[in-house]
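Participant: Sequential numbering from 713 applies to the sequence shown in our numbering.
Quick one: structure below, then a few questions.
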Amino acid sequence: MPKGTTHRLPATVEPERYTIELRPDLSRFTFRGEESVAIRVIEPVKSIVLNASELEVTQAGLQAHDGRLVPAAKIEHLKDTERLRLTFGTSVPKGAATLRLVFTGILNDELSGFYRSRYTMANGTEGYMAATQFESTDARRAFPCWDEPAAKATFQLSLVVPDGMAAVSNTPIAEEKDLGDGTRLVRFAETPRMAPYLLAFVVGPLEAIKGKTRTGTHVGVWTLPDRTAHGRWALDESIRVLEYLNEYYGLPYPLEKLDHLALQDFAAGAMENWGAITYRERILLFDPATSSAQTRQNIVDVIAHETAHMWFGDLVTMAWWDDLWLNESFASWMGVKTVNALHPDWKMWTQFFGLDTIRGLILDGLRSSHPIEVPVKDPAEIREIFDEISYSKGASILRMLEQFLGEASFRRGLQNYLKQHSYGNARTEDLWRALGAASGQPVRALMGTWTRQTGFPLLDVKVTRKNRDARISLSQSRFVYGHILRPTKEKARWKIPVRIARAGGAKPTSFLMEQATASRSLGRSRRTPDQDWIKVNAGQSGFYRVNYSQDEWGRLRRAVASRELDAPDRIGLQNDAYAMTRAGYLPATTFLEFTSAYREEDDATAWRIIADSLQDFETWIADERYLDRLDAYGRDLFRAAGAQSGWDPRTGEGHLDTLKRTTVLGRLGHYAERPVLDEASRRFARSLQDPASLHPDLRGLVYGLVAEEADEATYETLWDLERKAALQEEQVRLLVALTRPRDKQLLQETLRRSLTDAVRSQDAVIVITNVATARPSLGRDLAWSFVKKNWDELYRRYAPSGFLIRRLVEIAQAFSTPEAAKDVESFFRAREAPEVHRVAQQAAEKIRVNAAWRNRNGKELARWFASRDD
């Protein structure tokens, strides 16, 4: 569909109930279908228009209230607009009617719509199953429908499936009937009113382990039959998650059952189909013998996110895709809240800032970002907004709002919102109204500044001290990375919940900053002036950046080194320093000096964020003269943490200690710390003789470090291990390792194999992007050239999912010359690729920022590194 084409269907007909029968053919990769749709004609029409894509409708008729079936005089497939227009000889009168359709379609290989999924069991048995992925606009690829979120209806689905294969959908099976030809008819109970994109069905050789919640909801985890035991962790945790959400929302989960299905071919991480959540296999299965602590956490995190959708998104659905954030931001925020309640030792809110909030800040610091509430017209524009703004920024401002209103008021407002809009649709203002009523605060006026404009504020901090008294002055402007290109202060305004911590202070100072500037007296400090420090955005719940004078940065650096600040504040300061450097507010050397204060850091999330920022630093430098010196800096920074973690888990160590070990040892290996590389090599050699000797939490680490120095023989050994791996978690570990050799020929071979049958379709994106990012100076050019050379095939495969094709375009953002920006722009100017229009703009903007950063910091970096050599 051409970008910008108005996508909304005419409001003349509304669906009320679908009765659908589908017959998938897993040998020909096709399907046949019949459906009856009970409709309500709002005003007399001669044509009925609904959505259909890649379907061939062979029969269409309308049964009016008198029972007569009137065939359509004309059936038109409008491919450019993904519509089906049925024209009748006479006007269709106002009132109830039934639309009857017969159609055929294909089980595609694009991981969207109704598609085929290749499965492989541990014994090598292979075959195909059929699965669905309809969000956002692909239900129309499985059956003709009104494929809009507000077009809620009930669905009664029947599938004709081969004997020996299970069939799973949103609701329990109501009836099964043997058809005597090697197939059987499976009819499912009728669904509640819901949006078409939430319908789901899977046909394959699956088996389930099952349990129940305290209130009697049936919960199942469906897997291939040789790995059902690996669904136990997911089953146990999914029951706990569902019980927690039932209590929090104060509104019981409304369906009889909730299934979780593991699929080996799946584009997204997971999908919140009501009552039948689908997942990539590696995000749902846990093998105690081989799975890592990170996988254990990821499983609970994703289950919580998707189960939160059963209320936010499924029970109450956004009215149109411009309010997508009502689905995704709430699920992200609620998922973290749920996991934090169930596993408090995981410190999920600290991790949330370190991952979600920072992701949102990074994207929203671009001029080419977009508001949370953004108008969209067509499928390509809709797919573009499944990004860090709709997920991470939205979740972060909800976290900020909850802290501002108070947890009790916030929860009460959410409960009222869900009750009021159950089985219906809502818009952003409906949520603000409910939260405002529950809290007595002007929520709409406050939050409109965060959802309706692009970007976020930068607070400039000035502190005036007199003896032990201090006064703080704040000024706000829009933070943009492009400041390094064109230093200006953009005069956008936000209503900002500000929290300020001070050395020795018992309670932060809090207020709402509504004007361009604000000033507050902070009173007398218990500290002498030289020991005093002031930290803005205490607790890091605010979605904004903070910059200080050089003197205040120095005070905060000393506070970090002496561990006076809590982990979220230490992480926030390091990341603000990173952002100030990136945007040209601070010299690069200030960032490196500030980060040096973290040598004694013990928080796992802090180390991960430090590692990520230095990885970006490596990308920007893009100069071989400095990379060896950056390696030396990294070794010095991470060495104490690596020694403290050691290689082997200690008795009784916590979950976060385990995560920290893989981060710090991984970075030391990346920075060529010889003892770490040698130990990884030793453990790998032993594991080839005794696989159980390699601890699950060390597998990805060891594989990656060994791959860095791999010769051709070791490289092929890693491929052989990948082919023999029983679970996808292990396969992906090995695939990621295979993107890390320092030998260009081996990296080129990894790229070549990524588009063969050696790598699953969704995993090819992981391979290509990791070649680009693992060591940018080596792999960036190789990966981007590969993407351009194979663009037509990559676009065919991944454009329907939206986010996978965006990940490939994001590879280009690691370049750092003006010529590279022009190359990206000219490449996409010559191609019709509306799904990546915005991300290509963002990549070009980032490249120009990188180039400006190099020009500004190159000479000073040379002097700074030289001074460390002395």
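Heads up, the beta-carbon is just placed ideally off N, CA and C, and yes, glycines get one too.
#1: Just curious, the beta strand (DSSP E) that S1308 is in, first and last residue?
#2: Does D1432 pass the burial test, meaning 16 or more other C-beta atoms within 10 Å, or should it be called exposed?
#3: What's the call for T1240, buried or exposed, on a 16-neighbour Cβ count within 10 Å?
#4: To test your reading of the DSSP string, which unbroken beta strand (DSSP E) runs of 3 or more residues are found completely within the segment 924-959?
#5: On the DSSP bridge list, what partners appear for G779?
#6: Buried or exposed: Q771, going by 16 or more other Cβ atoms within 10 Å of its Cβ?
#7: Looking at the structure shown, is K1059 part of a helix, part of a strand, or coil, going by DSSP?
#8: Can you list, in chain order, the residues of its chain with a C-beta nearer than 7 Å to that of A1486? Leave out the 5 residues immediately preceding and following it.
#9: In chain order, what residues of the same chain have a beta carbon less than 7 Å from the beta carbon of P937, not counting five sequence neighbours either side?
#10: First and last residue of the beta strand (DSSP E) that includes Y1260?
#11: Rounded to whole angstroms, what's the CA-CA distance from G716 to P1403? Just pull it up for me.
#12: Take the Cβ of A785 as the centre, count every other Cβ of all protein chains shown within 10 Å, and call the residue buried at 16 or more, exposed below.
#13: Assuming G825 is part of the beta strand (DSSP E), what are its boundary residues?
#14: Could you give the distance in angstroms between the alpha-carbon of E1441 and the alpha-carbon of R1008?
#15: Candidates R720, A901, N1482, R1509: which alpha carbon is nearest K1089's?
#16: Cβ of I1559 within 8 Å of Cβ of V1536?
#17: To the nearest angstrom, report how far apart L1587 and N1039 are at their CA atoms.
#18: Output yes or no for whether 8 Å exceeds the beta carbon distance between E847 and M983.
#19: If you draw a straight line from the C-alpha of W1138 to the C-alpha of T927, how long is it?
#20: Rounded to whole angstroms, what's the CA-CA distance from G1284 to Q1252? Just pull it up for me.
#21: How would you label Y1345, buried or exposed, when you count the other beta carbons within 10 angstroms and need 16 or more for buried?
#22: DSSP three-state call for F1303: helix, strand or coil?
#23: DSSP state of Q845, grouped into three classes?
#24: If I follow the unbroken beta strand (DSSP E) through N1039, where does it start and stop?
#25: For L897 versus S870, is the C-beta spacing smaller than 8 Å?
#26: Once the 5 residues before and after M833 are set aside, which same chain residues still bring their CB inside 7 Å of it?
#27: Three-state secondary structure (DSSP) at H1195?
#28: Roughly how many angstroms separate the alpha carbons of N1052 and G987, rounded to a whole number?
#29: Could you tell me whether the Cβ atoms of S1041 and S1102 are closer together than 8 Å?
#30: Less than 6 Å between C-beta atoms, sequence neighbours within five positions excluded: which residues of the same chain meet that for N1569?
#31: Give the single residue among G745, E746, I760 whose Cα lies nearest to the Cα of R752.
#32: May I ask which residues mark the beginning and end of the beta strand (DSSP E) holding Y1427?
#33: What residue range is occupied by the uninterrupted beta strand (DSSP E) comprising G1136?
#34: Is the separation between the beta-carbon of L967 and that of T883 shorter than 8 Å?
#35: What are the uninterrupted segments assigned as alpha helix (DSSP H) that are 4 or more residues long and contained completely in the segment 731-765, given in chain order?
#36: Measuring alpha carbon to alpha carbon, tell me which of H1133, S1233, K1219, F1223 ends up nearest A1182.
Facilitator: According to the structure data:
#1: First-last for S1308: undefined, no H or E at that position.
#2: When all chains shown are included, D1432 counts as exposed.
#3: With fewer than 16 other Cβ atoms within 10 Å, it is exposed.
#4: DSSP runs (the beta strand (DSSP E)) wholly in the segment 924-959: 930-935.
#5: Looking at the DSSP assignment, G779 forms no beta bridge with any residue, so it has no partner.
#6: Counting the other CB atoms within 10 Å of its CB gives Q771 a total below 16, which places it among the exposed residues.
#7: When DSSP states are grouped into helix, strand and coil, K1059 belongs to the coil group.
#8: Non-local C-beta neighbours of A1486 in its own chain, meaning closer than 7 Å and more than five positions away in sequence, comprise T1451, R1452, ordered along the chain.
#9: Closer than 7 Å at the Cβ level, and outside the excluded window around P937, lie P917, E919.
#10: Y1260 -> no beta strand (DSSP E), and no H or E assigned at all.
#11: The pLDDT assigned to G716 is 46, lower than 50, so where the model puts this residue is not dependable; a value taken from the coordinates is nonetheless given after this. The alpha-carbon atoms of G716 and P1403 are separated by roughly 54 Å.
#12: A785 counts as exposed, since fewer than 16 other C-beta atoms from the protein chains shown sit within 10 angstroms of its C-beta.
#13: Start and end: 825-832.
#14: Straight-line Cα distance between these residues: approximately 11 Å.
#15: For K1089, the nearest C-alpha among the options comes from R720.
#16: Yes, Cβ-Cβ distance for I1559 and V1536 is below 8 Å.
#17: Since the first residue of the chain shown is 713 and the last is 1582, residue 1587 is not available in this structure.
#18: For E847 and M983, yes; Cβs fall inside 8 Å.
#19: First, the amino acid is wrong: residue 1138 is Ala here, not Trp. If I take the Cα positions, the gap works out to 28 Å.
#20: The alpha-carbon atoms of G1284 and Q1252 are separated by roughly 6 Å.
#21: With 16 or more Cβ atoms within 10 Å of its Cβ, Y1345 is classed as buried.
#22: Residue state, collapsed to three classes: helix.
#23: DSSP places Q845 in strand when its eight states are reduced to three.
#24: That residue, N1039, is in no beta strand (DSSP E); its alpha helix (DSSP H) goes 1037-1054.
#25: Yes.
#26: Excluding sequence neighbours, M833 sits near L936, D938.
#27: Per DSSP, reduced to three states, the secondary structure at H1195 is helical.
#28: When only Cα atoms are considered, N1052 and G987 end up about 24 Å apart.
#29: Between S1041 and S1102, the gap from beta carbon to beta carbon is short of 8 Å.
#30: Spatial neighbours of N1569 in its own chain (CB-CB distance under 6 Å, excluding positions within 5 residues in sequence) are listed in chain order as A1300.
#31: The residue with the shortest Cα to Cα distance from R752 is I760.
#32: No beta strand (DSSP E) holds Y1427; the alpha helix (DSSP H) holding it covers 1424-1436.
#33: For G1136, the enclosing beta strand (DSSP E) has its first and last residue at 1136-1138.
#34: Going by beta carbons, L967 and T883 fall inside the 8 Å limit.
#35: DSSP runs (the alpha helix (DSSP H)) wholly in the segment 731-765: none.
#36: Comparing Cα positions, the closest option is S1233.
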